[in-house]
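Asker:
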Amino acid sequence: MLQALPRSMRDLPAEATSFVGRRRELTEVRRSLGGGRLLTLTGMGGVGKTRLALRAAAGLRQVFPDGVWLAELGELDDTDDVAVKVAAVLGVDIDTALPWAGLAAFLSHKRLMLVLDNCEHLLDSCALLADRLLSASDGLRILATSRQPLGLTSERTLGIAPLAVPEATGYLAPEMLAQYEAIALFADRASAVQPGFTVTEGNRAQVVELCRRLDGVPLAIELTAARVRAFSLPQLLDRLDDSYSLLVTGNRSAPKRHRTLRALVDWSYDLCTPPERTAWSRLSVFAEGFDLAAAAAVAGKGLDGVVLGDVLSGLVEKSILRRTETDGRTRYWMLEAIRRYGKDRLAETGEQETVTRHHREWFRRLAIRADAEWVGPDQLAWYKRVNAESANLRLALESYLDSDDGRQTALELATSLCTHRRACSSLSEGRRWLDRVLVRAPEPTPAKAKALWTNAWLALLQGDCPAARVLLRECRDVAELIGDASATAHQVQISALAELFEGDPAGAVTGFGDAIKLHREAGDLDSARLSMFQQVMSRCFAGDPAAFASIKHTRTLLRPHPATVSNGYLLWYESIERFLRHDRGDPAKPAAQALRIGADAGERWLVALCLETLAWAAADSSENVRAARVFGAAEAMRQTIGSRLSGLAHLRTHHNRCERAVRAAMGKDQFESAYRLGTRLSEKEAISYATQRKPGKASTRAVRDGSLLTSREREIADLVAKGLSNQEIAESLVIGRRTAETHVGHILTKLGFTTRTQIAAWAAGHRRLAAR
């Protein structure tokens, strides 16, 4: 007779540490098991699949009168019978010669959940087990964890991603960081080994950087947080640079494969086929991802006749690669721990030099093509593609610099990338690259002349006009020495830009006219067109009555060669013309359009210019709070890209006038408070706030301020207005009290309030206006 052991022997293991986050995933597990009978949680090792499965299963105990059972399969090998293991877990006495028949008979009238943990090395056996048992019992549900799906048609899968970490840009106060699960986990585990540890203003940046560098992987975060007792946060960051040295020991009570991050990745590597292992190691040369074409060029040769696409699919299924779809392009990437492991393996194969050479050559060709096709209908696509590949392009540039025979190529590549600031995270980074390559390649060549005027351009955008003038003089000398007409034309063009930035727009108009003539004589129509653009900008700042007609004429010329970002700059010129003349309509409208174009393309210089202009428009409309905040956001953007307003005379004059007016209207303390809040907005928040249309006369400041709130924050503001406490809000929305408190804190900060009463008044006013 088949008989299970007493219930006391089949409880799930107790949680030794607190469970952090994963509310969305827990909800999705319940939903999926309600609509299907087999759910597999997939993801890389250490991402928290087992912990999530156990928490979800524990929450469903009441649903299954015959219990929730855990079968840990990680220590089994392919000679073990999974059915025998499950029978032992269930406490069922069966004939080991026919385990399937015994299990089927036992389960036929049961309502229970079976958790199959770590199925990846026993996929066929686990798939067969699940198929047979589900066929035998309508009351059975199976929750599996695996690095890849079991492959059954009835299977549902839920990919488990690393924990959320803050974006790289934007300030978040310590109390706001609690909403990010990776930060919350680190703080929880660190406080367990060092009582009293909290995230503070002093350590917030280091905690965020640690969690980012660990990719939000729970195991990596827990192993690192355990070191807080022995190391300071700066020391932990330094030690993370040394591959796995920080993460070589862990919880001795855990299964061997879970004790260290290295052991988990070893386990994943062993599960891969030989072609997958080869591809893994080769693909590790990419930084921050790659597309299929790049993978084929760099890693696709000699994979034993296997189609690369099949290999990539296998690595995605095994959670080695992650796959994203952006603007119709498929992109693959590895978590940093996976990539570092692959680089170690690549070094062992002896292929590192060859693969690195393939990588840099592919991205050199990509940069050349981007430069050639920059002006035209595909401009926006190239902006996005080059921005996506910026880390790879920098890596290729570094590789050429390290190569004795690659210095001239490095000069050409750096110049190509920096000409339009395409692969530079900031203007300072671009100048550093150009300074390095110019020192390494001192010979007077056309590439050197181009690097000099490009470096001068970046210096001007930074507001460093004296340095730009020095570089332009050297460029002129090199161009004359080698007889480079193109370099001479560009030197004149950038010198005209210097006139504008130094406060002489009329002189700039003349200089750009000379540059247009020289570019045409050199046969460079694209550069002539850019000089025309810049001449239009100078006409606007010079107060030329013909400026608006020039904008319209230039827009007409652009139509045969539509370039989205170029049109964005024209829109910004139009906003300047409207602002300065006051007879062309609202300057905020074209500035907002240009801002969205710049944000979509990743053209941060245009974003900074538009934010500045929108602040002027708000000041002129007496929207003082808005103006102060957008001034702060514009300054934060300039700091991000490495530019200084003090060196931009054409902007500084109007900025100073508008800022003085806003300060006088608001008072010093209120202005600085609003300005400071603006500097702390993320880029996305700043754009959303700055482009909010100016309300009509019947509206109030509350509507404008409300553009900063997320939909959840507006929902919570309404509940505050109804008089609910944080605990009551948490119960109403099925969230934790701590989360509710965090949201209320966000609302107070974003709206500039100090009390819940102010939130309630804001929400009531917002509802009245929305009802009109």
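In terms of this note's numbering, the numbers along the sequence shown are unbroken and rise by one, the last being 1299.
Positions of the beta carbon are idealized from the N, C-alpha and C atoms, including for glycine.
1. With DSSP collapsed to three states, give me the class of D644.
2. Applying the criterion that 16 or more other CB atoms from any shown protein chain within 10 Å of the CB defines a buried residue, is P904 buried or exposed?
3. Which residue wins for smallest C-alpha separation from D1053, given the options H1017, Q879, D931?
4. From the DSSP secondary-structure annotation, give me the bridge partner or partners of W596.
5. When you compare the CB positions of G1095 and A1115, do they come within less than 8 angstroms of one another, or not?
6. Identify every residue that forms a DSSP beta bridge with D905.
7. Would the beta-carbon of V616 fall within 8 angstroms of that of A598?
8. Measure the beta-carbon distance from A899 to Y859 and round it to whole angstroms, keeping in mind my assumption that it falls under 8 angstroms.
9. Specify the secondary structure class of D1127 as computed by DSSP and reduced to three states.
10. Three or more C-beta pairs under 8 angstroms: does that hold for the region 1005 to 1020 against the region 961 to 978?
11. According to the neighbour-count rule (16 or more other Cβ atoms, all chains shown, within 10 Å of its Cβ), is V1063 buried or exposed?
12. Check each candidate in S662, G1038, D742, L873 and name the one with the smallest Cα separation from F633.
13. Using the Cα positions of R1131 and R1056, report the straight-line distance between them to the nearest angstrom.
14. How many Å lie between E1255 and H1177 at the Cα?
15. Taking all protein chains shown into account, do 16 or more other C-beta atoms lie within 10 angstroms of the C-beta of A541, making it buried, or fewer, making it exposed?
16. Taking only three categories from DSSP, how would you classify H1046?
17. Check each candidate in R856, A1290, L819 and name the one with the smallest Cα separation from S1305.
18. By a C-beta neighbour count over all protein chains shown, 10 Å radius and 16 as the cutoff for buried, is K977 buried or exposed?
19. Looking at the strands, I want to know which residues DSSP matches up with F817.
20. Between A584 and L656, which are expected to be in contact by the criterion C-beta below 8 angstroms, what is the C-beta distance as a whole number of angstroms?
21. Quick one: measure Cβ to Cβ for T1167 and I1124, integer angstroms, because I've assumed they're closer than 8 angstroms.
22. Where H1109 and S1149 are concerned, what is the direct C-alpha to C-alpha distance, given to the nearest angstrom?
23. Got a sec? Which residues, its chain only, sit under 7 angstroms from Y707 by beta carbon, not counting five neighbours each side?
24. For the alpha helix (DSSP H) that I847 lies in, which residues bound it at each end?
25. Using a Cβ-Cβ cutoff of less than 6 angstroms, which residues in the same chain neighbour A631 once the five nearest sequence positions on both sides are dropped?
26. Which of helix, strand or coil does DSSP assign to I669?
27. Just how far apart, CA to CA, sit G618 and G601?
28. Can you tell me whether H636 is buried or exposed? The criterion is at least 16 other CB atoms within 10 Å of its CB, across all chains shown.
29. Could you check where the alpha helix (DSSP H) with R588 kicks off and where it finishes?
30. Would you mind sorting D644 into buried or exposed? The rule is 16 or more other CB atoms within 10 Å of its CB.
31. S681 and T569 look like a contact to me (Cβ under 8 angstroms); what is the Cβ gap, rounded to whole Å?
32. Let me know if E552 comes out buried or exposed under the rule of 16 or more other beta-carbons within 10 Å of its beta-carbon.
33. When DSSP labels each residue in this structure, what does T567 get in the three-state scheme?
34. Between the alpha carbons of L579 and V792, how many angstroms are there, rounded?
35. Around the C-beta of S1013, are 16 or more other C-beta atoms found within 10 angstroms, so that it is buried, or is it exposed?
36. Once you ignore the five residues that flank H1181 on each side, which residues in its own chain have a CB closer than 7 angstroms to its CB?
Answerer: Reading off the structure:
1. Stepping through the sequence shown from its first residue, residue 644 is reached at position 117. In the structure shown, D644 sits in a strand (DSSP, three-state: E or B).
2. Here residue 904 corresponds to residue number 377 of the sequence shown, with the count starting at 1. That one is exposed.
3. Translated into positions along the sequence shown, residue 1053 becomes position 526. With distances taken between Cα atoms, D1053 lies closest to H1017.
4. Position 69 of the sequence shown, counted from the start, is the residue given in the question as residue 596. W596 pairs with L641.
5. For the purposes of this step, residue 1095 is identified with residue 568 of the sequence shown, where counting begins at 1. For the purposes of this step, residue 1115 is identified with residue 588 of the sequence shown, where counting begins at 1. For G1095 and A1115, no; Cβs fall outside 8 angstroms.
6. The count along the sequence shown starts at 1 and reaches residue 905 at position 378. Its beta-bridge partners do not exist; DSSP assigns none.
7. The sequence position of residue 616 within the sequence shown is 89, counting from 1. The sequence position of residue 598 within the sequence shown is 71, counting from 1. It is a contact, given that the beta carbons lie within the stated cut-off.
8. Taking the sequence shown and counting its residues from 1, the one referred to as residue 899 is at position 372. Taking the sequence shown and counting its residues from 1, the one referred to as residue 859 is at position 332. Incorrect: roughly 26 angstroms between the Cβ atoms, too far for contact.
9. For this step, residue 1127 is matched to residue 600 along the sequence shown. D1127: helix per DSSP, three-state reduction.
10. yes
11. By one-based count along the sequence shown, residue 1063 stands at place 536. Classification of V1063: buried, given that the 10 Å Cβ count is 16 or more.
12. The residue you call residue 633 lines up with position 106 of the sequence shown. Ranking the options by Cα distance to F633, first place goes to S662.
13. Along the sequence shown, one-based indexing puts residue 1131 at 604. Along the sequence shown, one-based indexing puts residue 1056 at 529. Distance between the alpha carbons of R1131 and R1056 is about 21 angstroms.
14. As a position in the sequence shown, residue 1255 is number 728, starting the count at 1. As a position in the sequence shown, residue 1177 is number 650, starting the count at 1. Spanning the two alpha carbons is a distance of roughly 54 angstroms.
15. To locate residue 541, count along the sequence shown from 1; it is residue 14. Exposed: under 16 other Cβ atoms inside 10 Å.
16. The count along the sequence shown starts at 1 and reaches residue 1046 at position 519. Helix.
17. The structure shown does not extend to residue 1305, since the chain is modelled only from 528 through 1299, so no value can be given for it.
18. To locate residue 977, count along the sequence shown from 1; it is residue 450. By the neighbour-count rule (16 or more Cβ atoms within 10 Å), K977 is buried.
19. By 1-based counting over the sequence shown, the position of residue 817 is 290. According to DSSP, F817 bridges with Y859.
20. In the sequence shown, counting from the first residue as 1, residue 584 sits at position 57. In the sequence shown, counting from the first residue as 1, residue 656 sits at position 129. Not confirmed; about 18 angstroms, so no contact.
21. On the sequence shown, position 640 is the one that residue 1167 refers to. On the sequence shown, position 597 is the one that residue 1124 refers to. So it is not a contact: roughly 18 angstroms between Cβ atoms.
22. For the purposes of this step, residue 1109 is taken as the residue at position 582 of the sequence shown. For the purposes of this step, residue 1149 is taken as the residue at position 622 of the sequence shown. Approximately 15 angstroms, taken between the alpha carbons.
23. The residue you call residue 707 lines up with position 180 of the sequence shown. For Y707, where only same-chain residues beyond five positions count, the Cβ hits under 7 angstroms are A691, V692, P693.
24. Taking the first residue of the sequence shown as position 1, residue 847 is located at position 320. Run containing I847: none; DSSP gives neither H nor E here.
25. Sequence index remark: in the sequence shown, residue 631 carries index 104 (1-based). For A631, where only same-chain residues beyond five positions count, the Cβ hits under 6 angstroms are A663.
26. What you label residue 669 is simply residue 142 of the sequence shown in a count that begins at 1. I669: strand per DSSP, three-state reduction.
27. In the sequence shown, the residue the question calls residue 618 occupies position 91. In the sequence shown, the residue the question calls residue 601 occupies position 74. Straight-line Cα distance between these residues: approximately 19 angstroms.
28. Within the sequence shown, residue 636 is the residue found at index 109, counting from 1. The residue is exposed, with fewer than 16 neighbouring Cβ atoms inside 10 Å.
29. Sequence index remark: in the sequence shown, residue 588 carries index 61 (1-based). No alpha helix (DSSP H) holds R588; DSSP gives it neither H nor E.
30. Numbered from 1 along the sequence shown, position 117 holds the residue referred to as residue 644. Counting Cβ neighbours within 10 Å, D644 comes out buried, since at least 16 surround it.
31. For this step, residue 681 is matched to residue 154 along the sequence shown. For this step, residue 569 is matched to residue 42 along the sequence shown. So it is not a contact: roughly 16 angstroms between Cβ atoms.
32. In the sequence shown, residue 552 corresponds to position 25, counting from 1. Buried, since its Cβ has 16 or more Cβ neighbours within 10 Å.
33. Position 40 of the sequence shown holds residue 567. T567 falls in the strand class under three-state DSSP.
34. Position 52 of the sequence shown, counted from the first residue, corresponds to residue 579. Position 265 of the sequence shown, counted from the first residue, corresponds to residue 792. One C-alpha to the other measures close to 20 angstroms.
35. Counting from 1 along the sequence shown, the entry for residue 1013 is found at position 486. Its Cβ being crowded by 16 or more others within 10 Å, S1013 is buried.
36. Here residue 1181 refers to the residue found at position 654 when the sequence shown is read from its first residue. Correct list, in chain order: W1143.
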